[in-house]
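First up is the structure itself, then whatever we jot down about it.
Protein chains: 2
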Amino acid sequence: MPYEHSLYGCPVDATLNVISGKWKPQILRLLFQGTRRFGVLQRSIPGISRHVLTTQLRELEQDGIIQRTVFAEVPPKVEYSLTEFGKTLEPVLTGLLTWGEHYIQQQDKQKSAT
Amino acid sequence: MPYEHSLYGCPVDATLNVISGKWKPQILRLLFQGTRRFGVLQRSIPGISRHVLTTQLRELEQDGIIQRTVFAEVPPKVEYSLTEFGKTLEPVLTGLLTWGEHYIQQQDKQKSAT
DNA sequence: CTGCATCCTCGGGGATACTG
DNA sequence: CAGTATCCCCGAGGATGCAG
Chain A
310 MPYEHSLYGC PVDATLNVIS GKWKPQILRL LFQGTRRFGV LQRSIPGISR HVLTTQLREL
370 EQDGIIQRTV FAEVPPKVEY SLTEFGKTLE PVLTGLLTWG EHYIQQQDKQ KSAT
Chain B
310 MPYEHSLYGC PVDATLNVIS GKWKPQILRL LFQGTRRFGV LQRSIPGISR HVLTTQLREL
370 EQDGIIQRTV FAEVPPKVEY SLTEFGKTLE PVLTGLLTWG EHYIQQQDKQ KSAT
């Protein structure tokens, strides 16, 4: 029975550590739609470099969110996909999305109320 | 009609920017329970300094999540509480909490499966 | 095509001292 | 009591070049 006093600092921070890389929400959004190759991911996320994309993917893999599949071909081919556990993140991100939309509306109202 | 194609990178990042200060989940947890004075907050969060607590509170205030009430007394007294809008964050954080607990369980299984 | 090594920048967060 | 003002450190993320 973990976290019985609901000191929710720790598990909340754990979740944030998993999803709060600069590009991770975008990466996850793409992978929620299906398996993607490395190059496709890079072209789908304007502004990200190979190095950083690699880093973010490695971290998500380390955290058990995504799977990396290497095909022994020439030229190399690597596919990334969500693990079953990774798919459980979708409703969480949807929650963040929905609240974020409300937040942005709220900010707009603040400005126009000047 | 904002974000119609559900490109949820942006609003998700907006939410993350609001809640992902190092101590913000803890601060919010305390304020979900009710109004708190500055000193009470500091003593409730071991390890945080006044400077950093001030910074995090200012940011949350700026984002419209919390309210700061100053009492013209000696010695000074300042109370912090959630705004109505800030209260809408609670279910979001609860979502992060729940997923974080599953995640921690998952990690434990990984280790013991060695 | 995919990825590692190296170097650098920048800002969040910490330590400390002073103040209304 | 509740801050502000400085200074500093460290790590995430960006740029570039090399490699299997």
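If you read the sequences in order, they're chains A and B. Each residue of the first sequence is one higher than the one before, starting from 310 at the first, in my numbering. Each residue of the second sequence is one higher than the one before, starting from 310 at the first, in my numbering. A virtual CB, placed ideally from N, CA and C, is assigned to each residue, including glycine.
Own chain residues within Cβ distance below 7 Å of residue i, not counting five before or after
i, result
"Leu339(A)", "Arg345, Leu350 and Ser353"
"Gln335(B)", "Ile354"
"Asp322(B)", "none"
"Asp372(A)", "Val327"
"Arg359(A)", "Gln351"
"Met310(B)", "Caution is warranted here: a pLDDT of 44 is assigned to Met310(B), below 50, making its placement in the model unreliable, and no coordinate value can be reported."
Counted within 10 angstroms of its Cβ, other Cβ atoms place residue i as buried (16 or more) or exposed
i, result
"Val401(A)", "buried"
"Val379(B)", "exposed"
"Gly356(A)", "exposed"
"Val383(B)", "exposed"
"Glu410(A)", "buried"
"Gln414(A)", "exposed"
"Ser315(A)", "In this prediction, Ser315(A) scores a pLDDT of 49, lower than 50, which makes its location untrustworthy; no coordinate-derived value is stated."
Reduced DSSP category for residue i - H, G, I as helix; E, B as strand; rest coil
i, result
"Leu339(B)", "helix"
"Glu368(A)", "helix"
"Lys331(A)", "coil"
"Thr363(A)", "helix"
"His314(A)", "Unreliable positioning characterises His314(A) in this predicted model, as indicated by a pLDDT of 40, which lies under 50. The coordinate reading is nonetheless provided below. It is coil, neither helix nor strand."
"Glu382(B)", "coil"
"Ser390(A)", "strand"
"Ile375(B)", "strand"
"Gln419(B)", "helix"
CB contact flag (residue i, residue j, <8 Å)
i, j, result
"Gly395(A)", "Ile374(A)", "yes"
"Phe341(B)", "Val387(B)", "no"
"Lys333(B)", "Leu391(B)", "no"
"Tyr412(B)", "Val327(A)", "yes"
"Thr397(B)", "Trp408(A)", "yes"
Same chain, Cβ closer than 6 Å to residue i, neighbours up to 5 away in sequence not counted
i, result
"Gly330(B)", "Gln365"
"Glu399(B)", "Phe341"
"Leu337(B)", "none"
"Glu393(A)", "none"
"Pro385(A)", "none"
"Ala381(A)", "none"
Proximal residues to residue i (C-beta, below 8 Å), its chain only, five neighbours per side dropped
i, result
"Thr324(B)", "Val401"
"Arg377(B)", "Leu366, Glu370, Val387, Glu388 and Tyr389"
"Gly343(A)", "Ser390"
_Count Cβ pairs between the stretch 363 to 374 of chain B and the stretch 413 to 421 of chain B that sit closer than 8 Å; are there 3 or more?_
Between the stretch 363 to 374 of chain B and the stretch 413 to 421 of chain B, the count of Cβ pairs shorter than 8 Å is below three; the stretches do not touch.
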